[in-house]
């Protein structure tokens, strides 16, 4: 469901945004909606990647071999 929002922007910024939208053959509303969609998409992808990375760190990675015993870990050479 689409909803409307109201923005307060400087008049010079609004003028430049209108010119930019016209150059892109779109509306300010559509341009902002697309930019917001992109920001949200990136944020979701980042969050998903972060959660996957944290899960991998929690599991650990298979590096082969056997775990060292306490004695082996503290052995001095």
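Numbering (the working numbering), first residue to last: 116 to 192. Cβ atoms here follow ideal geometry from the backbone N, Cα and C, with glycine treated the same way. Keep in mind it's a predicted model, so treat the numbers as computed, not measured.
Just reading off the alpha helix (DSSP H) that residue i is part of, what are its end residues?
i	result
residue 104	Residue 104 is absent from the structure shown; the chain starts at 116 and stops at 192.
residue 133	126–138
residue 123	Here residue 123 belongs to no alpha helix (DSSP H), and DSSP marks it neither H nor E.
residue 186	185–189
Can you tell me the Cα-Cα spacing of residue i and residue j, whole angstroms?
i	j	result
residue 149	residue 136	12 Å
residue 124	residue 147	13 Å
residue 160	residue 152	12 Å
residue 133	residue 143	6 Å
residue 175	residue 121	48 Å
residue 188	residue 166	31 Å
residue 180	residue 118	57 Å
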